[in-house]
Each structure stands twice: as C-alpha cells, then as structure tokens.
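Below: the structure, in structure tokens.
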Amino acid sequence: MEFRKTKLPGVFEIYIEAKPDERGFFARTWCQKEFESRGLTGKFVQASLSFNERKGTLRGLHYQIAPYEETKLIRCTQGAIYDVVLDLRPESPAFKDWVGVELTAEKRNMVYVPEGCAHGFLTMEDRSEVTYQMSQFQNAESARGVRWNDPAFQIKWPAKVEVISERDQTYPNFK
C-alpha cells in the first residue's frame with residue numbers, strides 16, 4: 038500500500054498496489070503491520086456500509102467524542118465521492134482546517150481519518166457505495182456533528198448538495 042500524507046496531520050490518502058496477472062489483479066486493502074509501522078491505528082472493531090442512490094447526497098460531518106473517539110478508514114466501492122476530513126483537535130496546528138479527497142471505485146483509494154477529526158462526503162455519481170472501518174464501536178450518546186456549510190470552516194464542496202438529512206443540515210454553528 039502507498040500512504041500519501043495530506044495537509045492535515047495524521048490524515049492519509051492510501052492507494053492499493055495491484056499485482057496484475059491474466060485474471061485481473063490482487064491487492065491488499067488492509068494490513069495491520071503496515072498501519073502500525075507508521076504509528077497509525079491498527080485495530081478496527083466495526084465496519085459499516087453506506088449506499089447513496091443519488092448524486093449530490095451529502096452525509097456528515099460526523100465524529101464521536103471521548104471516550105468513544107474513533108479512527109476511520111473510508112473507501113468508495115461503487116461510484117465516486119468527495120470525502121472531507123475536518124480537523125477538530127484543538128491542539129493540532131491544523132485546527133478547523135479541512136482536506137478533500139476524491140475517492141472512487143475505479144481508483145480504489147482510501148482515506149485514513151484519525152481520532153478528533155470529523156468526516157463527511159458528497160456523492161459525485163448516482164448509486165455510490167462507501168465502506169467504513171472504525172476503531173471504536175458506534176455509541177449514540179457520543180455521536181456529534183458539525184454543519185457541512187458552517188462558515189467557521191469554509192469547506193468548498195465541488196458540486197451542489199441535493200440530498201441531506203435534517204440532522205446534518207441543522208447542526209448549530211461551531212463554537
């Protein structure tokens with residue numbers, strides 16, 4: 038796997054290294070040793086799937102607070118998304134900064150989201166499917182979010198938001 042740093046500390050875009058042959062190819066999408074050798078979380082306890090029927094669907098920006106903070110590994114397995122990671126770690130030099138990464142089924146790339154960062158995405162194609170691996174079990178009482186268009190972050194989404202949940206559009210302004 039190839040790990041590419043982003044402008045946010047601890048956030049990586051990850052590419053598989055395909056080994057082609059006459060049948061197609063084979064590649065690892067996860068290796069605990071490779072993650073841990075870079076000082077990254079190597080333990081994931083839960084996996085989830087998000088299917089999104091329409092282009093322009095926005096999910097997020099979500100995170101969990103202590104003691105249930107979670108690291109996420111995100112991959113688009115069908116279609117394409119614009120994935121946003123927002124740094125909410127007050128001690129981080131990138132506090133309140135964000136990075137956007139295009140994840141596609143064709144590129145087979147992933148994004149590593151460390152604890153203390155919020156995560157969300159906008160679908161760029163109809164019928165986009167996203168897989169999540171999480172280091173922590175889902176805990177409803179610890180679930181939080183920030184609004185996708187909060188002026189405190191000035192996130193530049195690449196397309197119009199067409200579908201969004203009421204919860205995701207009504208988070209209060211960030212303090």
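Counted the way the numbering used here counts, the sequence shown spans residues 38 to 212. We put the beta carbon where it would ideally sit given N, CA and C, even for glycine. Keep in mind the model is a prediction, meaning the values are calculated, not measured.
Worksheet item: Would you call the CB atoms of Ala117 and Ser165 closer than 9 Å?
Response: On the sequence shown, position 80 is the one that residue 117 refers to. On the sequence shown, position 128 is the one that residue 165 refers to. Yes.
Worksheet item: If you draw a straight line from the C-alpha of Gly182 to the C-alpha of Asp58, how long is it?
Response: For the purposes of this step, residue 182 is taken as the residue at position 145 of the sequence shown. For the purposes of this step, residue 58 is taken as the residue at position 21 of the sequence shown. Rounded to the nearest angstrom, the two C-alpha atoms are 44 Å apart.
Practice prompt. Would you kindly work out how many angstroms separate the C-alpha atoms of Met171 and Phe62, rounded to a whole number?
Written response: For this step, residue 171 is matched to residue 134 along the sequence shown. For this step, residue 62 is matched to residue 25 along the sequence shown. So the two alpha carbons sit approximately 27 Å from each other.
Worksheet item: Beta-carbon separation of Cys113 and Thr168 under 9 Å?
Response: For the purposes of this step, residue 113 is taken as residue 76 along the sequence shown, with counting starting at 1. For the purposes of this step, residue 168 is taken as residue 131 along the sequence shown, with counting starting at 1. In contact: Cys113 and Thr168 (Cβ atoms closer than 9 Å).
Worksheet item: Expressed to the nearest angstrom, what Euclidean distance is found between the alpha-carbon atoms of Leu98 and Lys193?
Response: Here residue 98 is taken as the residue at index 61 of the sequence shown, counted from 1. Here residue 193 is taken as the residue at index 156 of the sequence shown, counted from 1. When only Cα atoms are considered, Leu98 and Lys193 end up about 13 Å apart.
Discussion item. My parser needs the beta strand (DSSP E) runs of 3 or more residues fully inside the region 101-187; what are they?
Written reply: 109-115, 117-124, 135-141, 147-150, 154-160, 165-171 and 180-182
Worksheet item: Would Val136 pass as a contact of Val48 if the rule is Cβ separation under 9 Å?
Response: For this step, residue 136 is matched to residue 99 along the sequence shown. For this step, residue 48 is matched to residue 11 along the sequence shown. Contact flag set, yes.
Worksheet item: How is Arg96 classed by DSSP in three states: helix, strand or coil?
Response: By 1-based counting over the sequence shown, the position of residue 96 is 59. DSSP places Arg96 in strand when its eight states are reduced to three.
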